[in-house]
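Take a look at the structure below.
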Amino acid sequence: MWGRGLLLASTAVVGVRSNPGANNVEPCAYIATLQSEGASSFPAGSAFDCLNSVPVDVEGDKKLIDELKIAWQWHSDISWLKNPPADWEDGSLDLIAELDKIKSNLEQFESEYQVQIAIQKITVRSGNFHLNYIPDILQVFGWQRDVSLVALSDDGVKVPKLYVTFDALKVADGNITEEKISDITKINGADAWPYLENLAQWEQYRDTDGRLNSLWAKGDTLTPGAFMMQSRFDGAETNITFANGTEIEYINTAWTNEAFKDVKDGKSFYEKFCKGSISGVDAADNELIWKPEFKSKRGPTAVPPNGEHHSSLLHRRETPAVYQRFPEPVVSADSGGVAGYFLDGEGYDDIAVLKIMSFAPEKDPYGLEFQTVVDQFLVSSKNANKNRLIIDLRENDGGSMQLLLDTFEQLFPHRAPWQGARYRANPHFKLIGDAVSEIYNNDTIQDYYKETWNGTFKEHYRHWAYSHFLDAQNKGFESWAQFKGPELFNGDQYTKTMRYNLSNEDDISVRLGGFKFTDETNRTTVFNHTDIVMFTDALCGSACAAIHEEFKNNAGIRSVTVGGRAIEGPIQAVSGNKGGEVVPLIRGIQQADRMRNISRTFSLESYPADEATLDEIIDTPELQRRAGDDMTRVQAQLMMRKGDKSSKPLQYTYEAADCRIFYTHESFADPVTAWKQVWGAFLDPESKCVKNSTGHKSSLSGGFVPYGPWTLKDEDLPKPESTETSEEAAKGSPEGTDFEGVGSREGASVIALFATVAIMLMQL
Ligand SMILES: *[C@@H]1O[C@H](CO)[C@@H](O)[C@H](O)[C@H]1NC(C)=O
Ligand SMILES: *[C@@H]1O[C@H](CO)[C@@H](O)[C@H](O)[C@H]1NC(C)=O
Ligand SMILES: *[C@@H]1O[C@H](CO)[C@@H](O)[C@H](O)[C@H]1NC(C)=O
Ligand SMILES: *[C@@H]1O[C@H](CO)[C@@H](O)[C@H](O)[C@H]1NC(C)=O
Ligand SMILES: *[C@@H]1O[C@H](CO)[C@@H](O)[C@H](O)[C@H]1NC(C)=O
Ligand SMILES: *[C@@H]1O[C@H](CO)[C@@H](O)[C@H](O)[C@H]1NC(C)=O
Ligand SMILES: *[C@@H]1O[C@H](CO)[C@@H](O)[C@H](O)[C@H]1NC(C)=O
Ligand SMILES: *[C@@H]1O[C@H](CO)[C@@H](O)[C@H](O)[C@H]1NC(C)=O
Ligand SMILES: *[C@@H]1O[C@H](CO)[C@@H](O)[C@H](O)[C@H]1NC(C)=O
Ligand SMILES: *[C@@H]1O[C@H](CO)[C@@H](O)[C@H](O)[C@H]1NC(C)=O
């Protein structure tokens, strides 16, 4: 799940297949030699041989796994993974039992690399891209094929065939005709589609359709896709066989940002890279926790629609000439996060397009520009009499809560968004919350916090700031105990459903960096919901999934989704993660550590000196050494559906799009053609949607009834399997209800830091 790089329009066979003189040369020494000779990329086979020569640290890994078993208790959907609904494509996954399996077989693993890949595979199998395990050894190399693929249909509804992207782009550009290129039949000697479905199991999405879409290149933004920008090693070369009989061999490459000087073999590799230098707490400078310049190294980076591209972190290639495939926008953000377009031509004259690439535009961290662009787009649309709208959410993998909420409010003023979430009420979470509640108004202790750790207590513990939350029915929580619950669902404990209070004016809750939600007072709806369609490529997740939920369950907007398997039938509009906030695992450890320190320093009532609950999460040295940076993460909250009385998390709710289409040779590379295809399918599902892909009962076209903006009714509240006794619930609330009195600010730079901090903690 590395960031996306740039699409290389190159099919050259480069490099050598692997270590040529394999005779007794240590594979890691070979890499060191190549690097000392100036090589910046290596044959993938050689890099793999090096990794695979690192001996298993049996004792260290035993400890590491035990620590992970504790730390993963912070992941919100651990029990839903273990006991998912029947229609969850991947079946049951017991994270803890899987770790135990690896632990009891450590001697059988060929190398330390294989152990860590096996642990990582557990997280990938969760289908939840908020659960990440990326330890040191898996950060040393990035991997690449020199070829990328697309899946294209003759007419948009027939099942697609596979092509090399560069071939397809040449056809799209009119440089050659379609007859000159041939589709792909085999990859590495195996039938291409089964090969790819198998490979796609390394893509962290909720179903096979989404995983396959993650592999393909995107012809409009030129994102290469994970077939090319590999998630991991997949062989030294890639042989492609075409229908016309031609075979091409592509040598796979690896690259690294690490210096291999002094690395002589697998053992010295371990000493150099696996003792904390790459991802240990100190190396990652987590000493100063909540460091300001947080960058998620995981997950796709936004590729702006105006043709400007970011290169991914691990991608060291030169930037190729950029294709200007998008039309002139009516309005666009310099950050690339959002842009608006108007279509023209017979039947398209009143159609506008809002393209939302990302709710986390790097160059616009608080979304101030983003917000303005959406507003300008709506004004321009109104002035130009555009009254039908395509919301293009392709490749959008999330971002910040405030932006998705504000965007929804701008499009649908007076239809309050819902966005309910629950925390997993594990013993660590509950104890920290008890203590937070006790000291929330204690200036003495909060001053101590600031002096000791140079940060603001309330902002660092914002996940427990119940007084800033709304409940499922728009009321505030009167006490921590009331919010904490816990309520039992699927055999596991959760807090009550919480939502952000959009009227909050501090940085502790949902408003960050001086952001103000759009004033709805005098706003009117520019586009009627029946005249809007969402366009997704199933990769939508996180904040994108959250806005999809508002668009569907609040506003009743239909969706058209492109791609997936080469079969007919429905596809889910959102195959990315449908959960709430994601946090680096190391943050939870540090929050626990600091709270224990406070309890010992100030003799808290709620956290007595002999209380040992948090000791196990604090005492995790192997985890902090091997995976103590921001890349290893868990999901803090489950996202809930308004009106779902079962309280099944959205993540586990199957939802077909209203229509499925496939890209054609024209639409995959030309956004305007794709938008027209989507509009056609929206108007005429019978003939323009893939057979049997419309009318699934989970979709609006199949009768799903949106809840709407109305306050949740009592009878629609979910009924927990049980709640704890009131005495137990009351125990954690020594403090009462008053959470007023935020300390004064210390100056602009401090505010900026806090704001960034909060953003970091609010990535969706
Ligand atoms: C097609 O030809 C044009 C003009 O020579 C060139 O700019 C473009 O890069 C070509 N497209 C591809 C995919 O090779
Ligand atoms: C066969 O198809 C491949 C892939 O499109 C193409 O590169 C090659 O030129 C074709 N070979 C012939 C002989 O047409
Ligand atoms: C790819 O083709 C080459 C040359 O025919 C062959 O040596 C190699 O084993 C093939 N690799 C795979 C993974 O099929
Ligand atoms: C939205 O629908 C209403 C009622 O059907 C209609 O009066 C109004 O003109 C529509 N607005 C637009 C922008 O189409
Ligand atoms: C405390 O945080 C501020 C704000 O980021 C920073 O400028 C300062 O250097 C920090 N002080 C220490 C001692 O780390
Ligand atoms: C929401 O926040 C505002 C501003 O802090 C506050 O006045 C209001 O009471 C809050 N709403 C609830 C229901 O707590
Ligand atoms: C809304 O419109 C009214 C009447 O034109 C005006 O007095 C008021 O200031 C406006 N409010 C906002 C928040 O723009
Ligand atoms: C709390 O942490 C500070 C800073 O690391 C340390 O100096 C102090 O000894 C700790 N106190 C306790 C009781 O652990
Ligand atoms: C804050 O905590 C300190 C240390 O426990 C205690 O002495 C003090 O009374 C508390 N202050 C308030 C306002 O509760
Ligand atoms: C249509 O799709 C549904 C799943 O949504 C499937 O159960 C049914 O068998 C399909 N019907 C046909 C005719 O393919």
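Count the sequence shown with mature numbering (1 follows the signal peptide of the UniProt record, and there is no 0) and you get residues -18 to -1, 1 to 746, in order.
C-beta: ideal position from N, C-alpha, C; glycine also.
It should be emphasised that the depicted structure is a prediction, and the values quoted were computed from it without experimental measurement.
Can you find a heavy atom of ligand 2 that lies under 7 Å from the Cβ of Val122?
no
When you compare each of Ala334, Tyr323, Asp332, Met339 to Ser317 by their alpha carbons, which one comes out closest?
Met339
Among the candidates Arg481, Ser363, Asn510, whose CA atom is the shortest distance from the CA of Pro395?
Asn510
Beta-carbon separation (whole angstroms), Gln384 vs Arg481, contact threshold 8 Å
Between Arg481 and Gln384 the Cβ distance is about 13 Å, and since that is not below 8 Å, they are no contact.
Return yes when the Cβ of Gln554 is within less than 8 Å of the Cβ of Tyr634, no when it is not.
no
Could you have a look at Phe30 and say whether DSSP puts it in helix, strand or coil?
helix
Taking the straight line between their C-alpha atoms, what separation do you get for Gln353 and Tyr476?
33 Å
Environment of Asp612 [buried if 16+ CB atoms lie within 10 Å]:
buried
Can you look up Phe224 in the DSSP assignment and give me helix, strand or coil?
strand
How big is the Cα-Cα spacing for Ile643 and Leu194?
15 Å
Got a list of residues with beta-carbon closer than 7 Å to any non-hydrogen atom of ligand 6, in chain order?
Leu452, Asn456, Lys457, Gly458, Asn483, Ser485, Asn486, Glu487
Give a yes or no on contact between the stretch 559 to 571 and the stretch 603 to 617, applying the rule of three or more CB pairs nearer than 8 Å.
yes
Three or more C-beta pairs below 8 Å linking the stretch 408 to 416 and the stretch 62 to 78:
no
Can a CB atom of chain D be found closer than 8 Å to the CB of Gln121?
Absent from the structure: chain D. Only one protein chain is present.
Own chain residues within Cβ distance below 7 Å of Arg397, not counting five before or after:
Asn536, Ala537, Pro691
Can you tell which of Trp661, Lys673, Lys658, Ser649 has its C-alpha closest to the C-alpha of Thr203?
Ser649
Contact between the stretch 23 to 36 and the stretch 111 to 128 is defined here as three or more beta-carbon pairs at a separation below 8 Å; is this criterion met?
yes
Please classify Asp425 as buried or exposed, where buried requires at least 16 other C-beta atoms within 10 Å of its C-beta.
exposed
Relative to the C-alpha of Val361, which residue among Ala334, Asp346, Gly381, Arg376 is closest?
Ala334
So, is Asp416 buried or exposed, given that buried needs 16 or more other C-beta atoms within 10 angstroms?
buried
Selected residue, minimal CA-CA separation from Val355, among Leu393, Thr190, Glu253, Gly327:
Leu393
Would you mind working out which of Phe224, Trp237, Leu151, Arg576 sits nearest Glu433, comparing C-alpha positions?
Arg576
Using DSSP bridges, identify the partner residues of Cys641.
Val542
Which complete beta strand (DSSP E) runs does the stretch 127 to 199 hold, if anything under 3 residues is left out?
131 to 134, 143 to 146, 166 to 169
Is it the case that the CB of Glu231 approaches a heavy atom of ligand 3 more closely than 7 Å?
yes
Just to check, is the beta-carbon of Phe308 closer than 7 Å to a non-hydrogen atom of ligand 1?
no
Give me the Cβ distance between His112 and Arg615, rounded to the nearest whole Å; I'm assuming they're in contact under 8 Å.
6 Å
Taking the beta carbon of Leu521 as the centre, do at least 16 other beta carbons fall within 10 Å, making it buried, or is it exposed?
buried
Going by other Cβ atoms of all chains shown within 10 Å of its Cβ, with 16 needed for buried, is Gly(-4) buried or exposed?
At Gly(-4), the pLDDT of 41 sits below 50, so the modelled position is not reliable; the number obtained from the coordinates is stated separately. Result: buried.
Would you say Glu532 and Pro399 are within 8 Å of each other, going by their C-beta atoms?
yes
Within 10 angstroms of the Cβ of Gly105, are there 16 or more other Cβ atoms? Answer buried if so, exposed if not.
With the sequence shown as reference, residue 105 is identified as Thr, and Gly is not the correct amino acid for it. Thr105 should be labelled buried.
Is it right to say Ile169 is buried, meaning 16 or more other beta carbons lie within 10 angstroms of its own, or is it exposed?
buried
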